[in-house]
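Student: My numbering runs 3 ahead of the 1-based position in the sequence shown. If you scroll down you'll find the structure; I have some questions about it.
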Amino acid sequence: MSHGFDTLAIHAGQDPEARTGAVIPPIYQTSTYAQDAVGAPRQGYEYSRSGNPTRDALQECLAALEGGPVGLAFASGLAAEDALLRTVCVPGDHVVIPDDAYGGTYRLFAKVAERWGLSYTPAKVSDPDAVRAAIRPGSTRIVWLETPTNPLLGIADIATLASVAHDAGALLVVDNTFASPYLQQPIALGADVVVHSTTKYIGGHSDVVGGALVAADAALGEELRYHQNAMGAVNGPFDAWLTLRGIKTLGVRMDRHCDNAERIAGYLDGHAKVAQVLYPGLPSHPGHEVAAKQMRRFGGMISFRAAGGEEHAVEICNRAKLFVLAESLGGVESLIEHPGRMTHASAAGSPLEVPGDLVRLSVGIETVEDLLADLEQALG
Numbered sequence: 004m005s006h007g008f009d010t011l012a013i014h015a016g017q018d019p020e021a022r023t024g025a026v027i028p029p030i031y032q033t034s035t036y037a038q039d040a041v042g043a044p045r046q047g048y049e050y051s052r053s054g055n056p057t058r059d060a061l062q063e064c065l066a067a068l069e070g071g072p073v074g075l076a077f078a079s080g081l082a083a084e085d086a087l088l089r090t091v092c093v094p095g096d097h098v099v100i101p102d103d104a105y106g107g108t109y110r111l112f113a114k115v116a117e118r119w120g121l122s123y124t125p126a127k128v129s130d131p132d133a134v135r136a137a138i139r140p141g142s143t144r145i146v147w148l149e150t151p152t153n154p155l156l157g158i159a160d161i162a163t164l165a166s167v168a169h170d171a172g173a174l175l176v177v178d179n180t181f182a183s184p185y186l187q188q189p190i191a192l193g194a195d196v197v198v199h200s201t202t203k204y205i206g207g208h209s210d211v212v213g214g215a216l217v218a219a220d221a222a223l224g225e226e227l228r229y230h231q232n233a234m235g236a237v238n239g240p241f242d243a244w245l246t247l248r249g250i251k252t253l254g255v256r257m258d259r260h261c262d263n264a265e266r267i268a269g270y271l272d273g274h275a276k277v278a279q280v281l282y283p284g285l286p287s288h289p290g291h292e293v294a295a296k297q298m299r300r301f302g303g304m305i306s307f308r309a310a311g312g313e314e315h316a317v318e319i320c321n322r323a324k325l326f327v328l329a330e331s332l333g334g335v336e337s338l339i340e341h342p343g344r345m346t347h348a349s350a351a352g353s354p355l356e357v358p359g360d361l362v363r364l365s366v367g368i369e370t371v372e373d374l375l376a377d378l379e380q381a382l383g
């Protein structure tokens, strides 16, 4: 029997605990487990890096929400990305990445993986021909997407690029952090692996850091599981429990994020102090039609370019009050940041450098009229 998204978010991997009937999965705050005999661990649990019941509950839920057979939880989104790269790539391989990827992802490729012998080429992922041209036949192992991208909110056609990647013998990896599995399910569109920073919308309350991978193929999933244990960048049981708690309200939170973001994008669009609004829900957005095809709604992230240039963008960020000046995104509270000087500072001087006049909003679930009033005074 299949269930709806919200039912899975509340129940997948979360049956009442067998011994006491506890409705919420317990926090198994233990490093090791008593074994019944040498070579006979109880229910397969030996050591919490290798397996923990609280983390297992989260992993089963993540897999169910993304529609893949194997879900894996990590200490952070970048830990998940690193484990994925070192599982499927070897020195000499090549990866196509978005030309406006998250700054931490760019740093991982440019400052860490490249030294290990993994090369990369940035490409405009909203343009399938640009992605196709960036592929190096015989050496491209992954086509890596963000959709929407961070921070320019570009939209990649997942189904089309799955075909492009597979025709080249490459895997399609989709960072689904901005959309969340509630708004978009890349595996159903042909992706091989989905990546999340669960710190963001999945956790949803700015109180826990984590990451996840969900594989479309069980064999690949087991390879990733092996490396998860071998490399050891797992999240602790309390972090897993907090993330699982956040998941339960993911659907209702995302609906409010989207409601508020749509109102704010409409307000900013055409504002005299705003040069351009980047939000896929606007019909003027070049990726609007693709986003409408593959997403349930358009998300809670908005970027805009300040009409007064970089200094005006910085002033807007500094003047905001209800929008908290902070990095990260996806929590119930609204955040504002200057990507060029904050989340994407590591991309300065590179092909991924973001415009200095860019402001990024993570629209929370507060009363939208209060958010609009704060932006009005911040714009000056």
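Don't be surprised by glycine CBs; every beta carbon is placed ideally from N, CA and C.
Does the distance from the CB of residue 300 to the CB of residue 360 come in under 9 Å?
Tutor: It is not a contact, given that the beta carbons lie outside the stated cut-off.
Student: Here's a check: name, in chain order, each residue in its chain whose Cβ is nearer than 6 Å to the Cβ of residue 71, leaving out the five neighbours to either side.
Tutor: Contacts found: 190, 217, 218, 219.
Student: In its own chain, which residues sit with a C-beta less than 8 Å from the C-beta of residue 11, not counting the 5 before and 5 after it?
Tutor: Excluding sequence neighbours, residue 11 sits near 64, 67, 68.
Student: Please state whether the Cβ-Cβ distance between residue 112 and residue 150 is less than 9 Å.
Tutor: Against a cut-off of 9 Å, the Cβ pair of residue 150 and residue 112 comes out as no contact.
Student: Rounded to whole angstroms, how far is the Cβ of residue 194 from the Cβ of residue 165, which I believe are closer than 8 Å?
Tutor: Contact holds; Cβ gap of about 6 Å.
Student: In angstroms with no decimal places, state the Cα-to-Cα distance between residue 92 and residue 226.
Tutor: Each residue's Cα considered, the two are about 12 Å apart.
Student: Which same chain residues end up closer than 7 Å to residue 3 when comparing Cβ atoms and leaving out the 5 residues on each side of it in sequence?
Tutor: Lying before the first or after the last residue shown, residue 3 is absent from the chain, which here runs from 4 to 383.
Student: Nearest by alpha-carbon distance to residue 376: which of 358, 353, 203, 323 is it?
Tutor: With distances taken between Cα atoms, residue 376 lies closest to 323.
Student: Kindly confirm or deny that the region 278-286 and the region 302-316 touch, where touching means at least three C-beta pairs closer than 8 Å.
Tutor: Short answer: they touch.
Student: Where does residue 38 land, buried or exposed, given buried means 16+ other C-beta within 10 angstroms?
Tutor: That one is exposed.
Student: So, for residue 2: in the same chain, excluding its five sequence neighbours on each side, which residues have a beta-carbon less than 6 Å away from its beta-carbon?
Tutor: Any question about residue 2 goes unanswered here, given that the chain covers just 4 to 383.
Student: Pull up the distance between the alpha-carbon of residue 116 and that of residue 370, whole angstroms please.
Tutor: About 43 Å.
Student: Looking only at DSSP bridge pairs, what is residue 246 linked to?
Tutor: DSSP output for residue 246 lists no bridge partner at all.
Student: Thinking just about the alpha-carbon of each residue, which of 209, 213, 264, 352 is nearest to the one in residue 199?
Tutor: It is 213 whose Cα lies nearest to the Cα of residue 199.
Student: What residue range is occupied by the uninterrupted alpha helix (DSSP H) comprising residue 80?
Tutor: Residue 80 -> alpha helix (DSSP H) spans 80-91.
Student: Report buried or exposed for residue 197, applying the criterion of at least 16 other Cβ atoms within 10 angstroms of its Cβ.
Tutor: Under this definition residue 197 is a buried residue.
Student: Does the structure place the region 271-282 close enough to the region 304-314 that three or more beta carbon pairs sit under 8 Å?
Tutor: Output reads yes: the region 271-282 touches the region 304-314.
Student: From residue 90 to residue 347, what does the alpha carbon distance come to, in whole angstroms?
Tutor: If I take the Cα positions, the gap works out to 26 Å.
Student: What's the C-alpha gap between residue 121 and residue 95?
Tutor: Going by the C-alpha atoms only, they are around 6 Å apart.
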